[in-house]
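Using UniProt numbering, you'd call the opening residue of the sequence shown number 1 and step up by one each time.
Beta carbons: idealized from backbone N, C-alpha and C, even for Gly.
Below is one structure, written out as structure tokens, with a few remarks after it.
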Amino acid sequence: KILGTRLSGPIPSSFSNLTSLRELLFRNSNITGTIPSNIGEYSSLQQVDLSFNKLHGPIPASLFNLNQLTHLDVSYNDLSGSLPSWVSLPNLKLVLPGLKCLQKNFPCNRGKGIYSDFSINCGGPQIRSVSGAIFERENEDLGSASFVVSDIQRWAASSVGIYAGRSNNIWVINTVDAEIFQTARHSSSSLRYYGLGLENGGYTVTLQFAEIDILGSNTWKGLGRRPFDIYVQGRLVEKDFDIRRTTGDTTVQAVRREYKAIVSENYLEIHLFWAGKGSFSVPIIGTYGPLISAVSAKPDFTPTVANRPPQRKKFGTGTIVGAILGLGLLSILFVGVVIFIIRKSRKRYTDDEELLSMDVKPYTFTYSELKSATQDFDPSNKLGEGGFGSVYKGNLSDGREIAVKVLSVGSRHGKGQFVAEIVTISTVLHRNLVKLYGCCYEGDHRLLVYEYLPNGSLDHALFGHGGKKTLHLDWSTRFEICLGVARGLAYLHTEASVCIVHRDVKASNILLDSKLVPKVSDFGLARLYDDKQTHISTRVAGTIGYLAPEYAMRGHLTEKTDVYAFGVVALELTSGRKISDVRPDDENNYLLEWAWNLHEKSLEVEIIDHELTECNMVEVKRMIRVALLCTQTSHASRPPMSKVVAMLSGDVEVTDVISKPQYQPDWKFDDTSSSSFSSFQTKDTSTSSSSSTKFVTPKQGDFKPMLGVKINEGR
């Protein structure tokens, strides 16, 4: 629980790390900025009160994806935008207090003076005082986060916490209106009363109290204290006000307080707030929080308004008949428009219902948020383009840098695949996996929002981009990158809630953060896999050179497919050479075959990148042997990624490499693929493949794998 009333500045986005945070109460503070766009990650939130602050901007759509949220108050801010249409669904137990009459966009007698006073009998029925004033009833059976407006919209009340009426059979002394103190309204946290539609001017606000809950000073229950703060028009008028202490520890005496207030926008607010002092659960729950018996306000000037609700005008018969005919024509037109709108937007409502029906909802951004973050998807912010769409760099209002993947229409295979993907990825969190912040599922727009990795992809770091390298990776860094990638894949295969086969592990799908920590990307496009079954894929996704033989030739997909590709990446890290770097005039024209030839001669260290001046030879030999073990022809001979991690870490000995793979085709190809996060791609104009990998027809007699089969990068 985070509670504060005198805080200032923006809400830190790091609050999302407080996984057990249930209450975020910053009402009546000086909070500025915007509501964090990642507030939907505060998964345990039940109560949010950000009212009476200086927040601006839209209400993040993700706020309404919080499954446990029961109370939300964002009134009296400069928020813009609109609420989702499904907020008012009858089966949605979400209360938005104050939005009917308190939000600036939802005025209730705002901007006009109708009344000049009001009196409320808090927690009780309507009564008449000795002076003749009518104290209106306020005895609704309300919940823990509620809002109520009087029948004629003269006043309103809202609360946070337990909100209940209290009654007693003891007549309070020192007052001529003892009946008022037979009841009271009590809240465990906060009570607000509002005068609505008041004529502007000066008022005397009268609050009446009597302690009817903590009775007697010689009993265990009588030990309780209930100090609370009183605000009038946002101004603190009583600090740590305690009813019993004010009466000299007498429980049957009334306390009357009067305060001056200026009404300038036709409303008046009285706020009773428990700041956490006094008794909480001792002696018993209920002996804390504000308690009040009556609220009233009288003008300090001569009113010019009638002090009654506007009277309805009477119309003649002709006017009524004309209105009915006009209404009939408008009704016909309205029905036609409604039918048109329903037909046109049926798909959108279906999409919303699908998201709402999910047990685990993905974190969602609005399209306008992402459009603003990427400067309307400015080309200068474009990071790359893959088979499933373009990726842009963006900056959220809370300061976070993001990578926004805009899924292209051609790459989208229906909403079901998209929804399943984002729900699965949202539960997969690991240090060595790119984090998915959320998605946008609005109209025809389908976007994924990832964390932004400033150092780009591993292939750019190793092989350069545009003729130059921006990073120098020494051996220790390369070894840690290899180990980190192994850990990320091991998590996907055995530790995530469902086994995920990546299908396109390669250097361009490994990104580096500011500290060169590797993170595997694009695993969100992998298929879900049941580890008790063999998966035969009819749509092979991957990149030539990284494809395991059983997957490339037969579409046989298991987690060992990723193990093979990892072995290739490990060799690239060691040698600083691309698997696709074919050198026809060089006897070592194929990286994997070259590595095996050197290993058989016990000269494997000769594969080390010539740019490395210092190496740990023990680690070098271990990494090469693990790589060769991972690239065995038979998938059954390859170790699981969990064992790969153990071998690289030195926790277990590296298993003896069985034999040189027979799968050594003399492939000739150009791989123009690169990370969809870190660079632009040259679009492939071939009509035989949806990826950027291009085939070159092999010479007669060469091995011809996968002829006529599309190889897709799976982005």
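Using alpha carbons as the reference points, say which of the options lies closest to residue i.
i, options, result
"THR494", "PRO549, LYS560 and THR477", "LYS560"
"GLU604", "LYS621, CYS615, ILE579 and TYR564", "LYS621"
"SER119", "GLY248, LYS298, LEU329 and GLU41", "LYS298"
"ARG446", "SER368, GLN182 and GLY248", "SER368"
"ILE127", "THR424, ASP177 and VAL645", "ASP177"
"PHE365", "THR32, ARG225, SER51 and ASN65", "ASN65"
"VAL498", "THR424, GLY567, GLY328 and MET553", "THR424"
"GLU258", "TYR203, ARG244 and THR246", "TYR203"
"MET641", "GLY555, GLY567, LEU407 and HIS430", "GLY567"
"GLY9", "GLU23, PRO36 and ASP651", "PRO36"
"TRP594", "ARG244, ALA627, VAL391 and LYS393", "ALA627"
"ARG478", "GLU614, HIS465 and ALA496", "GLU614"
"THR247", "ARG225, TRP596 and ASP229", "ARG225"
"PRO243", "GLN47, LEU24, VAL654 and PRO227", "The identity of residue 243 in the sequence shown is Ile, whereas the question assumes Pro. Answer by Cα proximity: PRO227."
"ASN53", "ASN38, PHE26, ALA61 and GLN47", "PHE26"
"LEU547", "ALA254, ASN455 and ILE579", "ILE579"
"ASN395", "GLN375, SER380, VAL406 and PRO549", "GLN375"
"ASN455", "HIS430, ILE481 and TYR437", "ILE481"
"MET140", "SER13, GLN47, ASP151 and ILE134", "Note on identity: in this sequence residue 140 is Glu, with Met being the wrong assignment. Comparing Cα-Cα distances from GLU140 to each of SER13, GLN47, ASP151 and ILE134, the minimum goes to ASP151."
"LEU50", "GLU41, LEU72 and GLY40", "LEU72"
"ARG308", "SER372, LEU198, ASN381 and PRO379", "LEU198"
"ASN266", "LYS112, ARG22 and TYR437", "LYS112"
"ASP522", "MET617, PRO303, TYR551 and VAL404", "VAL404"
"ALA61", "ALA507, LEU370 and HIS635", "LEU370"
"GLU138", "SER131, ILE180 and ASP504", "ILE180"
Please state whether DSSP places residue i in a helix, a strand or coil.
i, result
"PHE280", "Per-residue confidence for PHE280 stands at a pLDDT of 45, beneath the threshold of 50, marking its modelled position as unreliable; no derived number is given."
"TYR564", "helix"
"SER686", "Residue confidence is low: SER686 scores 32 on pLDDT, short of 50, so the model does not pin down where it sits. Its coordinate-derived value is still stated next. It is coil, neither helix nor strand."
"GLU199", "coil"
"LYS435", "coil"
"ILE544", "coil"
"ASP73", "strand"
"LYS493", "Strictly speaking, residue 493 in this sequence is His, with Lys absent from that position. If DSSP states are grouped into helix, strand and coil, HIS493 belongs with the helices."
"SER14", "helix"
"ASN381", "helix"
"ILE536", "Low local confidence applies: a pLDDT of 40 at ILE536 is under 50, so the model's placement there is unreliable, and no value is given."
"LYS298", "strand"
"THR424", "helix"
"LEU21", "coil"
"residue 727", "Residue 727 is absent from the structure shown; the chain starts at 1 and stops at 715."
"ILE152", "coil"
"VAL337", "helix"
"VAL498", "coil"
"ALA184", "strand"
"ILE39", "helix"
"residue 744", "Within the shown structure, residues of the chain are numbered from 1 to 715, placing residue 744 beyond reach of any answer."
"residue 726", "The structure shown does not extend to residue 726, since the chain is modelled only from 1 through 715, so no value can be given for it."
Return the Cβ separation of residue i and residue j in integer angstroms, given the expectation that the two are a contact with Cβ distance under 8 Å.
i, j, result
"GLY124", "SER397", "So it is not a contact: roughly 46 Å between Cβ atoms."
"TRP155", "LEU196", "6 Å"
"LEU433", "GLY488", "5 Å"
"ILE500", "TYR450", "Incorrect: roughly 16 Å between the Cβ atoms, too far for contact."
"GLY234", "GLU269", "7 Å"
"PHE241", "SER293", "At roughly 14 Å, the Cβ-Cβ gap does not stay under 8 Å, so PHE241 and SER293 are not in contact."
"ARG237", "TYR115", "As written in the sequence, residue 237 is Val, which differs from the Arg given in the question. Incorrect: roughly 22 Å between the Cβ atoms, too far for contact."
Look at the alpha carbon of residue i and the alpha carbon of residue j, and state the distance between them as a whole number of angstroms.
i, j, result
"ASP609", "VAL517", "21 Å"
"ARG412", "ASP444", "Only weak support exists for where ARG412 lies, its pLDDT of 46 falling under 50; the value from the coordinates is given anyway. Taking the straight line joining both Cα atoms gives about 11 Å."
"ASN17", "LEU69", "17 Å"
"SER43", "LYS519", "24 Å"
"LEU291", "LEU453", "53 Å"
"ILE332", "VAL321", "17 Å"
"LEU448", "HIS556", "29 Å"
"LEU598", "LEU591", "11 Å"
"LEU492", "SER476", "25 Å"
"LYS601", "LYS660", "12 Å"
"GLY545", "LYS469", "23 Å"
"MET553", "GLN632", "15 Å"
"SER148", "VAL295", "This sequence places Val at residue 148; Ser is not what is there. Using only the alpha carbons, I get a separation of about 15 Å."
"HIS472", "ASN67", "46 Å"
"LEU458", "GLY289", "57 Å"
"LEU573", "VAL74", "52 Å"
"LYS260", "GLY201", "11 Å"
Could you tell me if the beta carbon of residue i falls within a distance shorter than 7 Å of some heavy atom in the ligand SAM?
i, result
"ALA636", "With respect to the ligand SAM, the structure shown offers nothing to examine, as it has no ligands at all."
If we require 4 or more residues per run, which alpha helix (DSSP H) segments fall completely within the segment 575–647? Uninterrupted alpha helix (DSSP H) stretches at least 4 residues long and entirely within the segment 575–647 occur at 591–600 and 617–630, given in chain order.
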